[in-house]
Every structure is written in C-alpha cells, then in structure tokens.
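Heads up: the structure comes next, in structure tokens.
In my numbering, the protein residues as written are 12 to 361.
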C-alpha cells in the first residue's frame, strides 16, 4: 500500500519567494517576525540551490513543508489584528511556532559548516532557557568544540534546538497568561469602582463620607454639608490620580519587554482602579472613627489629603504584582538582558 498517496506537500522550487509587505504592519513584533520569515525563505532557496541534484526525496519534502510553514507564518503576521486574537495570542503563537519549526528543519539539513556557524547563538539561547548543567546544553558545547560536525551531530543539534524552542514557547504562554490575568483584574476592579460610584450617585446617603457632627466648615468631599452624588466619584478620582502618580515610581525599577504582550503596561494599569478603591475605603474608615473622633470630623481639605494618601497606599498592595511582573520579564530569554541593566560599578571596575 502506498502510504504517500494523497500527500499535498508543496514543491519547494515551485513556490515564489516571500516578499516584505508593502505597507507597515500593525505591530512591531509583526515587522520583526516578517523580516525573519523573509530571511528564512531566502535561506531555504539558497540551500535548495546548494543541494541541487543531490537533494533526496526526504530533503525535498521537508524543505517543501518548511516553505509552506513560512507562508502560514507570513499570513498570520499580515492578518488584521483583533481583540480576541490579541487576548489569546494566537497570531503570535502561530507565527513563532512555524518560524521555530523552520529553524529546526534548516539546522537538520544545512551543511555542517553552516550549522557550526549557528552554534554560538544556539548555545546563547540554550543558556537562557535551560538549567546550567542541563545535558542538552553540555552536548551543544561539546559539538561547538569539535573540528567538524557529522550528519548525526546535526540531527542531535536539531533535537536540542527543538527543546530550546519548546521551553521558549512555554515562557511565552506563561507571560501571556500573566498579562491576561492583570488585564482581567484591571477590568473587574474598574467595573467595581464604577459600580460603587454609580451607587453613590443614586444613593448618596449609603456612603458616610461626610462628618456625622457638622463642624462650622464643610466636611463632604464635594464641599457641601450634606452628601451628594459626586462624593464617591470625586474620592475615587483623587485616589486614581494619587495611584498614577506613585505608580510611576515603579517604571524606574521595571525593565522593558521584548515580547508583544505589554506586561509592564498591564501591571501599571491595575494600580489605577486599586488606588480609587483604597482611597474610598480609607475615607470610610476615617469617617467610621477608626483613627479617632478628631480625625473623623476632618474638613474637606483634610479629606482630600487623606484620599491622596490612601490612594497612594495601593502601592503596598500592588508591590507584589510589581515583583511578579519583573520575575516574569526576567524569565523571557533576551541576549541583551545584561546590557540593558544599569551599570553601578565604580570607574576602577570594583
């Protein structure tokens, strides 16, 4: 029985070269991915020319599949982005998955000298993703020390590259899941803050933001002697302002990301509704007399100051999020990570 019947693998020499898009794409990662796609397509064409008539049927089939994968990746990169696709990361996963598969194929089929030239970069990626004493990392270093690579060596290196890309894909999934968690928390907290504000607008008396015993000065956040519908919204707005102001401090300690997931931005956005809610909760505690009767009778000016303080106190709650965000960013492989960190060494190198 012919197991090859019905195969529709493309003939590698029959496919036209992939060309860059004439228009700008919708994201930087798409531009970067397409540049790599064009380079890989050219590399496959050069390999086909180099093999010539010596190309076996298996090599021809694998190169044909590789060119088909590049076209699938190119279609994903050029596709119109949507909110659902951005949330699931399907375009990123599809493009990078196909690109990585083509890299593995080229590693297995390229001449030994070409594979040897790629080994330093492969080892650098492996050192970022694998444990220091991982057997695969040790094998790659042994291959780099050899004078010449054999066909078996190329196959083993290709398998190690597959493991590296699998580990990288896992880190991308973890980063995307964490980003989605932050955006989801921001959305829920924002709905909660808006809902409480609307409740305070419709029923101002539900939230005791005015002093029970009215002193000579106005004690409500909006400057009146009786609760109004804008009290809660004003307190939340002050808390949001304070959270945004103090949250900017986290930017100084946060490293940027080379991934398309905007994790730093997501970690900063979650601070805003948190600050709005902590400001409201803090003023409710003050009016309840938790800090004493004198503080509970504070006037409007003092109330605004307390709202600023409690709004900024969200940093105590979101600091753990900042730490986890940096841990997630540090887990993403980047060869220039050390170069991106500030150098605090003294001029004499100590």
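Glycine included, each C-beta is placed from N, C-alpha and C at the ideal position.
Bear in mind the structure is a predicted one, so any value in this text is a computation, not a measurement.
| Query | Result |
| --- | --- |
| Could you spell out the range, first to last residue, of the alpha helix (DSSP H) harbouring residue 199? | 162–213 |
| Whose CA, out of 282, 120, 199, lies closest to the CA of residue 4? | It is not possible to answer for residue 4, since the shown part of the chain is limited to 12 through 361. |
| Need the endpoints of the alpha helix (DSSP H) that residue 98 sits in, please. | 94–99 |
| Looking only at its own chain, which residues have a Cβ that is under 7 angstroms from the Cβ of residue 100, when we skip the five neighbours before and after it? | 187 |
| Spatial neighbours of residue 81 within its chain, please: CB distance less than 7 angstroms, with the 5 preceding and 5 following residues excluded, ordered by chain position. | 29, 48, 51, 52, 109, 113 |
| Quick one: grab the DSSP three-state call for residue 145. | coil |
| Please go through the same chain and pick out, in chain order, the residues whose beta-carbon is closer than 8 angstroms to the beta-carbon of residue 203, but skip the five residues on each side of it. | 284, 288 |
| Assuming residue 311 is part of the alpha helix (DSSP H), what are its boundary residues? | 311–323 |
| May I have the straight-line CA-CA distance separating residue 357 from residue 40, to the nearest angstrom? | Residue placement at residue 357 cannot be trusted, given a pLDDT of 39 that sits under 50; what the coordinates show is reported in the next sentence. Cα-Cα distance, rounded: 37 angstroms. |
| Around the Cβ of residue 3, are there at least 16 other Cβ atoms within 10 angstroms (buried) or fewer (exposed)? | No answer is possible for residue 3: the residues shown for the chain start at 12 and end at 361. |
| Under three-state DSSP, which class holds residue 234? | coil |
| Which term fits residue 185, buried or exposed, when burial requires 16 or more other beta carbons within 10 angstroms of its beta carbon? | exposed |
| Rounded to the nearest angstrom, what separates residue 253 and residue 320 at their Cα positions? | 7 angstroms |
| Which residues in the same chain as residue 255 place their Cβ atom closer than 8 angstroms to its Cβ, once the five residues preceding and following it in sequence are excluded? | 282, 283, 286 |
| From the DSSP output, in three-state form, read off residue 276 for me. | helix |
| What does the alpha-carbon distance come out to for the pair residue 220 and residue 235? | 11 angstroms |
| In the DSSP assignment, find the alpha helix (DSSP H) that holds residue 57 and state where it starts and stops. | 39–62 |
| Measuring alpha carbon to alpha carbon, tell me which of 237, 233, 257, 258 ends up nearest residue 246. | 233 |
| Find out if the Cβ-Cβ distance for the pair residue 207, residue 291 is shorter than 8 angstroms. | yes |
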